[in-house]
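Okay, structure first, notes after.
Numbering (the UniProt record's numbering), first residue to last: 1 to 470.
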């Protein structure tokens, strides 16, 4: 059986304001009712595969766990990168973890943020690649290009391999070209877009990594074996892994190996690297508008409009991207979407929170919506999932008032424990040890009112925490 390895470590900002540093695009529901990470896993359902392994940033661990739990894919299968070190080390961690029980699975390495519209053709390409990977080839999937795209790297194919020309030798990998060079690539018919998807045996990849980049392999081996693991996560030693070179699998292995090959893939693929790319892959109305949310249009054409709660009315405009979240609105010409990064650069330079997280902040127990944020008081709408629990904690600078909106809360304040239901409330004085949990079967909704001299989230002393955050 194949071992799917899903790389979900990106923190890109090209889809701001939907995408944030703590909520990047792979966790967004942009193309269906599932997130892009969930879609990546669900499109493997009809294949003969093992439980998938997901590699993600440590800051995203609870978000990944919840999204895997929603689709019944959570089983001690999340590898946490304490720092990003690119794809070569990430895949090495997955391969080392896969062979620790003397196993040698064929790994299917996928990115968590790709759209693939033709799942059947995707499965066909995987089937073509399996015999090559079984024979110790390192297979990459080359996207059959639909145009002279300058935003992708390219793979030049060499001689045919296989009885029915299922694959090709890799002639070379090339960087993102200019427009003229890209047009030459397309005219030749010998080039594919570099998808960043791979298939190979775990031990074969490690052998090639040891041959070409033993420093990466050694750092990953030490980082993986020197860290204890929890029930849901496979942790990596931060100090050791931080010293690992930052390098892609293309540079570290694929451009150097003599066993690389490419299998063509023509399956409606997109890496959704911009708002205009998302407009291209989404369904459109008769005026070529792609719409998500509560939208009114009049004399509007070729637009992408996405709103998560507010009404957007667009009149007499064309070729725009309009995206509305709870705390930000983006309006940009569809031909200039690459300049979204300018907005993010401005937000970072001015130390504004909108580049890093949404107004909704996700926690292992649920989420918190910062409805009001003033200097001396905050009002948060808090949702606690069934079984979710705040840590046993106290605050030095703030008091809290909890008002139950829906569900049942089990509250501990000092040595007292009691239940609160809808329309009931309680007060937590400064310095009081307290805890809240949802013992019910439905989500618990409450308003949390904070007041005091300092209201930052770092004013918390965790005495006991079931999520390992002490």
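Even for Gly, the Cβ is constructed at its ideal location relative to N, Cα and C.
Item: Residue 244 (DSSP reduced to helix, strand or coil); Value: coil
Item: Rounded straight-line distance, which links the Cα of residue 45 to that of residue 443; Value: 29 Å
Item: Cα-Cα separation, residue 256 to residue 35; Value: 35 Å
Item: For residue 124, the three-state DSSP class (helix, strand or coil); Value: helix
Item: Given 8 Å, three or more beta-carbon pairs between the stretch 440 to 458 and the stretch 374 to 386; Value: yes
Item: Where residue 144 sits in the DSSP three-state scheme; Value: coil
Item: For residue 93 and residue 224, believed in contact at Cβ under 8 Å, the rounded distance; Value: 6 Å
Item: At least three beta-carbon pairs within less than 8 Å, the stretch 265 to 274 to the stretch 111 to 124; Value: yes
Item: Every unbroken beta strand (DSSP E) inside the stretch 62 to 118 [3 residues or more]; Value: 78 to 81 and 106 to 111
Item: Where the beta strand (DSSP E) containing residue 183 begins and where it ends; Value: Per DSSP, residue 183 belongs to no beta strand (DSSP E); it is in the alpha helix (DSSP H), 179 to 188.
Item: Selection from 438, 97, 419 and 323 that minimises the alpha carbon distance to residue 205; Value: 97
Item: Buried versus exposed call for residue 244 [16 or more other C-beta atoms within 10 Å across all chains shown]; Value: buried
Item: Reduced DSSP category for residue 365 - H, G, I as helix; E, B as strand; rest coil; Value: coil
Item: Sub-8 Å separation of residue 43 and residue 141 beta-carbons; Value: no
Item: 7 Å Cβ shell around residue 136 - same chain, five flanking residues per side excluded; Value: 201, 204 and 259
Item: Where the beta strand (DSSP E) containing residue 264 begins and where it ends; Value: 260 to 265
Item: Residue from 50, 9, 365 and 337 with nearest C-alpha to residue 86; Value: 9
Item: Terminal residues of the alpha helix (DSSP H) in which residue 220 lies; Value: 214 to 225
Item: Nearest neighbour of residue 435, chosen from 423, 310 and 389 [CA to CA]; Value: 389
Item: Where the beta strand (DSSP E) containing residue 193 begins and where it ends; Value: 191 to 201
Item: Residue from 57, 154, 53 and 101 whose Cα sits closest to the Cα of residue 108; Value: 53
Item: Cβ pair residue 262, residue 192 closer than 8 Å; Value: yes
Item: Exposure of residue 19, with buried meaning 16 or more beta-carbon neighbours within 10 Å; Value: buried
Item: Stretch-stretch touch, CB-based, cutoff 8 Å, three pairs: the stretch 304 to 318 with the stretch 62 to 70; Value: no
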